[in-house]
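Taking the numbering used here, the leading residue of the sequence shown gets 939, the next gets one more, and so forth.
C-beta atoms are modelled at their ideal positions from N, C-alpha and C, and glycine is treated no differently.
For reference, the structure is listed below as structure tokens.
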Amino acid sequence: MRPDSSMERDVVGAAAVVATDAVTASSPGHDRRLVGWLSLAQLISWGSVFYTFALLLGPVERELGLTRTQSSFAFSLALLAEGLLAYPVGRWIDRGHERIVMTGGTLLIAAGLTLHAFVQSAAGFFAAWLLLGAALAATLYNAAFSVVTRRFPRDFRRAIITITFLGGLASSVFIPLSAALISAWGWRAALLVLAGIHLLVCLPIHALVLRNAPAGAASAPGGGHFPPALLRHPAFLLIGVFVVGMMGITAAIPPHLVSLLRESGLAEAWVIAIPATIGAVQVLGRVLLFFFEGRFDLHLANRLIPILVPLALAALIAGAGSPWGGVLFVLLYGLGNGMLTIVKGTAIAQYVDREHVASLNGALGVPVAIARASAPVLLGVMWTHDAGYRWGLGMLLAVGVLASLALVMAQRRAPVA
């Protein structure tokens, strides 16, 4: 790989020094109250929008006369909007406007859910999810992780782990809650209730807790706000390969997992139990990371955690038809995916730059959105009557190995210690 130009080295080096100075000047630890409130807002945002979508498919399709392709397309539009807006949202957070960004995002979620409650056509349905996708760019993990990284540069990793505890429980809380609301009052009234929760809970959290944001990131040499050399630095590009590859895997597996387990010959009880257990194991992985990571080298842990995902896929391929293969998959994939959220959320700050972390994470928004939207489709395309999912799982295994190696290489090229 060619060496950086002198200008690139100067820009990256200056950014690294600024980030290091910020770390040194800040007080240790993080504000548990602020992180706790942000965690609650994450649970509501993930649960009321991202996980509630699956519950809306049936009733919305019946009432609006939509096909499954049309209804699924709405969610793809949301993912695309989230990805396209990730970079400008990150730039705003880096400039010190995190309160405006997350408060405005909450208002957009409430508006999107309200619009959704009154849609009468496919066009209205698509418009509602475009709006919700834009809102998610300003309210989900990327935004929250960037906020705590900027506020607590000496303890952002533990703050991020804490946020993912409640975020990981979003499906467990909101799938039954939203299902009960839809069953009792219908999907339109349920959406209005969810919009009200955002206005009553998330809006005050973001408006009040996020006051006194840190000053915006320092300007780059030459007067520009953001050092473009960071986007070309090998460490950032390698982390991009890592994040996009892992996001593709974790997006491809869930919609096909039940089908591939059934095709492998497992009993129906195992087919249901294996996917249902993954969420709990993910939270367990985050708990273990929170309490025990201080006893291990941080960078070694970052190298080992991603390997659990390809190992899980290898167990699924090798143990096809065996309940124990499924159990091993759940343990490896659940623990790996649970802790992988923290590794992905902190890699840019640890190995590239802390001061512009929101912009750098946002720059990955479009490729991540493309990976999330296309990976499930590609896995389905690779399915055959004779081989089932074997070739698709093999492809995901190769991607997982490549992504894991990319993170190791990024550590070696890191401008930030």
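Confirm, please, whether the CB-CB distance from residue j to residue i is below 9 Å.
i     : j     : result
T1041 : A1133 : no
A1024 : G1283 : no
A1311 : S1014 : yes
A1055 : L1129 : yes
L1022 : V1304 : yes
L1070 : I1038 : no
F1094 : A1287 : yes
V1182 : A1309 : yes
F1147 : N1080 : According to the sequence shown, residue 1147 is Val rather than Phe. No; because the gap between Cβ atoms is not below 9 Å, this pair is not in contact.
H1035 : A1151 : yes
G1186 : V1346 : no
I1245 : L1334 : no
F1228 : I1099 : yes
L981  : L1107 : yes
Relative to the C-alpha of residue i, which residue among the options is closest?
i     : options                       : result
G1062 : T1077, L1004 and G1257        : L1004
L1104 : G1178, V1225 and V1147        : V1225
V1247 : V1281, A1173, S1260 and W1125 : V1281
R1088 : G1106, H1323, R1292 and A1065 : R1292
I1177 : V1086, G1223 and L1278        : L1278
A1076 : L1115, I1120, L1141 and P1166 : L1141
H968  : A1066, P1091, Q1008 and G1276 : P1091
A1252 : T1215, R1350, G1043 and Y1327 : Y1327
A1239 : I1187, R1170 and G1274        : G1274
L1078 : S1202, W1321, V1057 and I1101 : I1101
A1016 : R1029, R1350, Q1349 and V1306 : V1306
R1170 : R1351, V998 and R971          : R1351
G1050 : L1119, R1200 and L1068        : L1068
A1012 : H1194, A1066 and P1261        : A1066
H1294 : A1205, S1121, R1029 and R970  : R1029
L995  : S1116, S1009 and V987         : S1009
A1243 : L1254, G1276 and A1211        : First, the residue type needs correcting, since residue 1243 is Ile and not Ala in the sequence shown. Among L1254, G1276 and A1211, the Cα nearest to that of I1243 is on G1276.
Would you call the region 1215-1234 in contact with the region 1340-1350, where contact means no fewer than 3 C-beta pairs closer than 8 Å? No contact exists between the region 1215-1234 and the region 1340-1350.
Can you check the region 1100-1145 for any beta strand (DSSP E) of at least 3 residues that lies completely inside it and give the ranges in chain order? Qualifying beta strand (DSSP E) stretches: none in this window.
For the region 1289-1328, which segments carrying the alpha helix (DSSP H) assignment without a break, of at least 4 residues, lie completely within its bounds, in sequence order? For secondary structure counted as the alpha helix (DSSP H) over 4 or more consecutive residues, the region 1289-1328 holds these complete runs in sequence order: 1295-1301 and 1303-1319.
Taking 8 Å as the cut-off, does the region 1102-1117 touch the region 1058-1077 (at least 3 CB pairs, one atom from each stretch)? The region 1058-1077 is not in contact with the region 1102-1117.
List in chain order: all unbroken beta strand (DSSP E) runs of 3+ residues lying wholly within the region 1013-1073. Listed in chain order, there is nothing to give.
Can you list, in chain order, the stretches of the alpha helix (DSSP H) that have 4 or more residues and sit fully within the region 1176-1228? Here no run is fully enclosed.
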